[in-house]
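Numbering (our numbering), first residue to last: 988 to 1250.
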């Protein structure tokens, strides 16, 4: 378990709005290197009740996508609490959501203000009610192009599930509707050249009745990869980008076909 340092801010500085004069408790875990300096500076500003400046420094730290997910989740949670102090409910919930998506176990300290605890539990409940997609292990060797996914949708938000695929990791991604029975969806990757052997990159996406994305398994920046050799699956593995699309060498910008997903 990472050591925790409790920071309690119970009063507001003269230049901070009165609405921010409530307790802020941050569970701090150490970062490393330059990121440690950025995160430490953000926490120092928060301790000094310079909340607006602290928000900027937290965002600077979070700009480093290579930090460990648990560390980033903790920083996002702390940033969400600062937004909560500043009565910015939208950003408070958004940052808390991002924190819990990175690390489902991140939580405020036991002695945190009830307002912070309520925020985390409210967001946790919303996440639990969201549709969830997961690509299932391969089973039928006679259908090497088949992709199966599990859909958990407790509130019935998903209207259709699409298998988005491309012949290269950078796209363009096209879509094939998947057929769903109960909580299992199936779809086949089309051969881009009708050849017996090919490689495809793909992810699975659930849309609501308005065409909004409500769940994904993988995504355009980190798609899954399937190679079929003479109509037999050779391997399937995640394609991982280091630091996002901006750092990919030799791959084009991701093109996402959104106007007509069935084309």
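Cβ atoms here follow ideal geometry from the backbone N, Cα and C, with glycine treated the same way.
If the criterion is Cβ atoms closer than 8 Å, does the pair residue i and residue j meet it?
{"i": "residue 1052", "j": "residue 1067", "result": "no"}
{"i": "residue 1059", "j": "residue 1070", "result": "no"}
{"i": "residue 1188", "j": "residue 1162", "result": "no"}
{"i": "residue 1062", "j": "residue 1048", "result": "yes"}
{"i": "residue 1191", "j": "residue 1116", "result": "no"}
{"i": "residue 1217", "j": "residue 1178", "result": "no"}
{"i": "residue 1210", "j": "residue 1156", "result": "yes"}
{"i": "residue 1090", "j": "residue 1056", "result": "yes"}
{"i": "residue 1125", "j": "residue 1107", "result": "no"}
{"i": "residue 1029", "j": "residue 1044", "result": "yes"}
May I ask which residues mark the beginning and end of the alpha helix (DSSP H) holding residue i?
{"i": "residue 1139", "result": "Careful: residue 1139 lies outside any alpha helix (DSSP H), inside the beta strand (DSSP E) at 1133 to 1139."}
{"i": "residue 1082", "result": "1076 to 1089"}
{"i": "residue 1257", "result": "This structure cannot settle anything about residue 1257, because the visible part of the chain is limited to 988 through 1250."}
Here's a check: name, in chain order, each residue in its chain whose Cβ is nearer than 8 Å to the Cβ of residue i, leaving out the five neighbours to either side.
{"i": "residue 1130", "result": "1175"}
{"i": "residue 1186", "result": "1154, 1212, 1213, 1214, 1215"}
{"i": "residue 1113", "result": "1084"}
{"i": "residue 1145", "result": "1118, 1138, 1193, 1194, 1195, 1201, 1202"}
{"i": "residue 1164", "result": "1147, 1148, 1149, 1150, 1174, 1249"}
In terms of residues, what are the limits of the beta strand (DSSP E) holding residue i?
{"i": "residue 1114", "result": "Residue 1114 -> not in any beta strand (DSSP E); alpha helix (DSSP H) instead, spanning 1101 to 1116."}
{"i": "residue 1214", "result": "1211 to 1216"}
{"i": "residue 1174", "result": "1171 to 1175"}
{"i": "residue 1193", "result": "1185 to 1194"}
Tell me which same chain residues have a C-beta within less than 7 Å of the C-beta of residue i, skipping the five on either side of it?
{"i": "residue 1141", "result": "1116"}
{"i": "residue 1139", "result": "1118, 1119, 1170"}
{"i": "residue 1133", "result": "1127, 1173, 1175"}
Tell me, to the nearest whole angstrom, how far the beta carbon of residue i is from that of residue j; I am working on the premise that it is less than 8 Å.
{"i": "residue 1204", "j": "residue 1088", "result": "Not a contact, Cβ separation roughly 14 Å."}
Looking at residue i and the ligand PLP, is the gap between the Cβ and the nearest heavy atom below 7 Å?
{"i": "residue 1177", "result": "As presented, the structure is devoid of all ligands, the ligand PLP included, so that no description of it is given."}
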